[in-house]
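Chains as they are written, first to last, in the numbering used here: chain L, 303 to 665; chain H, 303 to 665.
Here it is as structure tokens:
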């Protein structure tokens, strides 16, 4: 689908503040992103005095509207504190543009916990969702080059109905974000045998077997940590504690290997020469493993699309993340997920909720 | 410490059956391991008819005693089934050599779940231990090249007193297995802030702050998945579900990177030439990342040392794993851990046990 073919305008709400590299990196990323997307318009939330000169320097400045916000969410702010006192922040303001229908998606590189708490408060959970989730792309051996893992850390826990919802939401994301017709969904466990794992996993296993048709995915059963980057599965479902540990362990392992590789190519004159000869291939390799390409966790299970860009995003990685927000907005992703989630609920009706469930009053 | 300097004999009990590659790989591994260790003697458990010709071909055959066992634990056998019916298996027999005091350590490349269940049943838990753990070595940026992670999958859950015990046992293993005087212990969590994570983690955090002196380690606080291969910490403590997922995710990521590297060097004539030039450095790199070097999970918290070698162990990796068993046996590792665990108990006396605790009647 070519951008702008249908004459529609796609409006994205951007929190310009709160990233480690400041608003200059965000605005530079906007410039990269917008130059090939004539139908994109931006609502840019933050300090007007800071943003005005940055935006004025961009060729696409006419498609950017600055909306002033006095305050900024800091990386050290506790989510609960921001929910109580953050009304004047650029993050709050950016989310309210989606809440009010002025924008189709919101993006921020600020504090993840605060963004999830504010998103849940301002946009509300989608019908049937108790725990929203963060979905992230993971480099893999599949043709698209990526798998999707969720929850990557929105909530510490997930019971069986939550995991079922994650499967529905993750499969929707795979269809819309990776163009996969019938994505394969796996449930992360410590073994692939049916009798293994915690009670909520065995219960979720049964739910997924029944619900796969309605969810428009194929359930491949339990998968293990080693399958996350494999081509056996497209969507990996787990609770936010396990997902977050897995994500960071994968990143840490890739960093370790990268360091060993650099050491390797620096060993002696022959290996240095080899590094020069392999320059093109090495560049491609680095590109494949570049965490900036997979930048952007997508919040699922809310009445609106929210993308979290990495706190240390530079212009390139911010452009990648906002492209994701734009693609999902163009596809009417929020509405598509909501339609699927409505089906998911029918599989868990009458099912007992676990004792440790979050307060569902807000759902 | 040179092998055999003190004239002592180190007896290791070996389960010859049950690995994917069969007893030939185990016996070949024994040959590699024993040739430089004149003080090592082996009790080799399995089918006499199969083992006799294999052993007869080894120069070290005089130091190997075959002990016949009719039966073999299969990879597909459920642990509970083996505990009830596995008396005639080579695994059971190998463990009983340690139980009876005939050997100082036991090693097997069979079914992990069955080995843990049988080890717990035959050797019993050490005093004060409710949940034994599997500790594994993880390639890292530390000078030794390794960090220790536990529990890598013995039990799905761990409460605060379990995590405290893991810290004591892991620190002992770091002192004895990595020669670290005062190892640094970290608790795996989804953030490093004190208020983050599950209740049992915050409780364990407090216990570790108090107990670090008595445990002979430095507690560095919460660590994240990305820190597992780092030089910020030597021992990473977590529950068996999370540890198993992290371990397999790390292995999967390393495999993905390895595949991408191979593809990279095969891209074109220049990169192929580069691969030839970098041959020595690449070989060193492969050696560093070779999972066979870190083969061997050690079971901690039992009255005896048990090493689990990988199911697909070849001769090289089996030799590496049995060397670990030998080193720990020489050091009197079981007794040293037991002495530490006795101190650990004093920190959790009067502490409430969580509702989901395992049956401690067997402790």
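Glycine included, C-beta positions come from ideal geometry on N, C-alpha and C.
Checklist entry - Using a beta-carbon distance below 8 Å, is residue 500 of chain L in contact with chain H? => result yes
Item to check | Exposure of residue 399 of chain L, with buried meaning 16 or more beta-carbon neighbours within 10 Å | outcome: buried
Item to check | Neighbour flag for residue 655 of chain L against chain H, beta carbons, 8 Å | outcome: At residue 655 of chain L the pLDDT is 47, less than 50, meaning the model places this residue with poor confidence and gives no usable figure here.
Checklist entry - In terms of residues, what are the limits of the alpha helix (DSSP H) holding residue 316 of chain L? => result Here residue 316 of chain L belongs to no alpha helix (DSSP H); instead the beta strand (DSSP E) covers 312-317.
Checklist entry - Ends of the alpha helix (DSSP H) at residue 562 of chain H? => result 542-567
Checklist entry - Do residue 561 of chain L and residue 567 of chain L have their CB atoms nearer than 8 Å? => result no
Item to check | Given residue 416 of chain H as reference, the closest of H:455, H:328 and H:442 once Cα atoms are compared | outcome: H:455
Item to check | Where the alpha helix (DSSP H) containing residue 392 of chain L begins and where it ends | outcome: 392-401
Checklist entry - Just to confirm, are residue 408 of chain L and residue 315 of chain L a CB contact at a threshold of 8 Å? => result yes
Item to check | Residue-chain proximity (residue 444 of chain L, chain H), Cβ-Cβ < 8 Å | outcome: no
Item to check | Top-ranked residue by Cα proximity to residue 363 of chain H, from H:650, H:330 and H:309 | outcome: H:330
Next on the checklist: Between the region 364-373 of chain L and the region 343-351 of chain L, can you find at least three pairs of beta-carbon atoms closer than 8 Å?
Outcome noted: yes
Item to check | residue 379 of chain L, buried or exposed, once every other Cβ within 10 Å from all chains shown has been counted against 16 | outcome: buried
Item to check | First through last residue of the beta strand (DSSP E) which encompasses residue 524 of chain L | outcome: 520-525
Checklist entry - Any contact of the region 505-518 of chain H with the region 514-524 of chain L, i.e. 3+ C-beta pairs under 8 Å? => result no
Item to check | Endpoints, the alpha helix (DSSP H) within which residue 504 of chain L is located | outcome: 501-517
Next on the checklist: If I measure Cβ to Cβ from residue 535 of chain H and keep anything under 8 Å in the same chain, skipping five residues before and after, which residues do I get?
Outcome noted: 449, 486, 487, 488, 522, 525 and 529
Next on the checklist: Starting from residue 449 of chain L, trace the beta strand (DSSP E) in both directions and tell me its first and last residue.
Outcome noted: 448-452
Item to check | Burial state of residue 418 of chain L, where buried means 16 or more other Cβ atoms lie within 10 Å | outcome: buried
Checklist entry - Residues in its own chain within less than 6 Å of residue 444 of chain H by CB, not counting five upstream and five downstream? => result 533
Item to check | Alpha-carbon spacing of residue 434 of chain H relative to residue 333 of chain H, whole angstroms | outcome: 31 Å
Checklist entry - Grouping DSSP H, G and I as helix and E and B as strand, with all else coil, what is residue 383 of chain H? => result helix
Checklist entry - Just checking, does the region 624-631 of chain H make contact with the region 603-613 of chain H on the three C-beta pairs under 8 Å criterion? => result yes
Checklist entry - Roughly how many angstroms separate the alpha carbons of residue 389 of chain H and residue 382 of chain H, rounded to a whole number? => result 13 Å
Next on the checklist: Check whether chain H comes within 8 Å of residue 505 of chain L, counting only Cβ atoms and requiring the distance to be less than that.
Outcome noted: no
Checklist entry - Along chain L, in chain order, which residues have C-beta atoms closer than 7 Å to that of residue 300 of chain H? => result The structure shown has nothing for residue 300 of chain H, since chain H only spans 303 to 665.
Checklist entry - When burial is assigned at 16 or more other CB atoms within 10 Å of the CB, is residue 439 of chain L buried or exposed? => result buried
Item to check | Coarse secondary structure for residue 610 of chain L, derived from DSSP in three states | outcome: strand
Checklist entry - Per DSSP, residue 373 of chain H forms a beta bridge with which residues? => result H:391
Checklist entry - Going along chain H, which residues have a C-beta under 8 Å from residue 520 of chain L? => result Within 8 Å Cβ-Cβ: nothing; residue 520 of chain L doesn't reach chain H, min ~21 Å.
Item to check | Counted within 10 angstroms of its Cβ, other Cβ atoms place residue 481 of chain L as buried (16 or more) or exposed | outcome: exposed
Checklist entry - When DSSP builds the beta bridges, which residues end up paired with residue 335 of chain L? => result Answer is none; residue 335 of chain L lacks a bridge partner.
Item to check | chain H contact for residue 316 of chain L (CB, 8 Å cutoff) | outcome: no
Next on the checklist: If contacts are defined as beta-carbon pairs under 8 Å, then residue 428 of chain H and residue 640 of chain H qualify, I think. What distance do you get, rounded to the angstrom?
Outcome noted: 5 Å
Checklist entry - From residue 453 of chain H to residue 494 of chain L, what distance separates their C-alpha atoms? => result 19 Å
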